[in-house]
Structures are given as C-alpha cells and as structure tokens.
C-alpha cells in the first residue's frame, strides 16, 4: 500500500486519529492531497527531531484545518514543520501577510508580494482578465508560493519578505488546477 492509501485506511478505522506523514520525495501537491485525506501534518525528509516534535505537537493541539471538501489553503496545516496563518488586510491582490509558526522561529510575520509583471503573467497564463478582482485567488496564490518556499528551503524568507517574481512549474500546475472549468 502507498502512503495515501494507508492514511485513508487509518482514517476509515479511526476518523479522529492524528496522523503526521513523512516522505523523501514529497511535493506541495502531495502534501495538499494528504491534507485532503485527513493528514494533520506533512514532513519532507530529512528533518530534525525538533521539526518532528513540532509537527506532532501541532497535530495533538488540534491545529489542523476544519474544512470540508477540497483543501484550498494552508491555514492551520503543518507543512514541513511550519504552520501558516493569514493575517492583515486580505482585500488586495499584490500584497498578503502571513504568520508563520515553526519549531525554531516561534511566530513570525512574512509578507508575500506579487509584482505587477507577475500578476500580468498569471492573467496571461489563465487567459482571464477578471482575476484582477478575485482577491481570494491572489491570497491563495500567495499562500501556495509561501508554502512552496517553506517546502524547498525549510526556513521562512529572510527579512520576512517573499517577492514572487517567477511563474514556476509548481505555480503553473496549481493555477491550472484551481482555474480548471
């Protein structure tokens, strides 16, 4: 059985079980799928015992999403030992603020900026002009970008700022899935 199958089987047997998954070859897409299936955390190997302890503590404290259906954001979910929380004014499309909780850093703030040229790239990719007014989409894109950064770097951006200036393959795939008809 693969990990996601084991997770689903465990949740079927005991729905309230707290499960933190670990993998050596994970992606943010796989982490999202695991969260949709009921995982309380998702770690990429190698990780330290501190990161494992933090992920287990977050799961035991109940810091997991309370959503039905598809998970489209990371609020309250442990990704590689970090938990994201949206804060501040979220009614803009180019700047989103998050609080990052992690074992080594305690709560810290991070701003994700989407420069105008990046926004135009995304609109061209999606072939949708009306994205300009969809603030939820841009917040989720910022959240996805920050989660990808944490996944790849296992640390928050220096100085609390992440400028998204490249339409990566992960973001392209995410956009295609989110905006699919």
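Residue numbers (this note's numbering): 2 to 182.
Where a beta carbon is used, it is the ideal one built from N, C-alpha and C, also for glycine.
Bear in mind that the values here come from a model prediction, so they are computed numbers and not experimental data.
If you run the structure through DSSP and keep just helix, strand and coil, what is residue 23?
-> Note: residue 23 maps to strand in three-state DSSP.
Simplified DSSP state of residue 161, which is helix, strand or coil = helix
Would you mind sorting residue 93 into buried or exposed? The rule is 16 or more other CB atoms within 10 Å of its CB.
-> exposed
Measuring CB to CB, does residue 61 end up less than 8 Å from residue 124?
-> no
Under the assumption that residue 32 contacts residue 43 (Cβ atoms under 8 Å), give the Cβ distance between them as a whole number of angstroms.
-> With a Cβ gap of about 4 Å, residue 32 and residue 43 count as contacting.
Select from 3, 6 and 173 the residue whose C-alpha is nearest the C-alpha of residue 122.
-> 173
For residue 40, does the three-state DSSP call read helix, strand or coil?
-> Residue 40 falls in the coil class under three-state DSSP.
Could you tell me the distance, in whole angstroms, from the CA atom of residue 21 to the CA atom of residue 153?
-> Straight-line spacing of the CA atoms in residue 21 and residue 153 works out to 19 Å.
Could you tell me the distance, in whole angstroms, from the CA atom of residue 71 to the CA atom of residue 25?
-> The predicted position of residue 71 is uncertain, since its pLDDT is 38 and thus under 50; a value taken from the coordinates is nonetheless stated next. Rounded to the nearest angstrom, the two C-alpha atoms are 24 Å apart.
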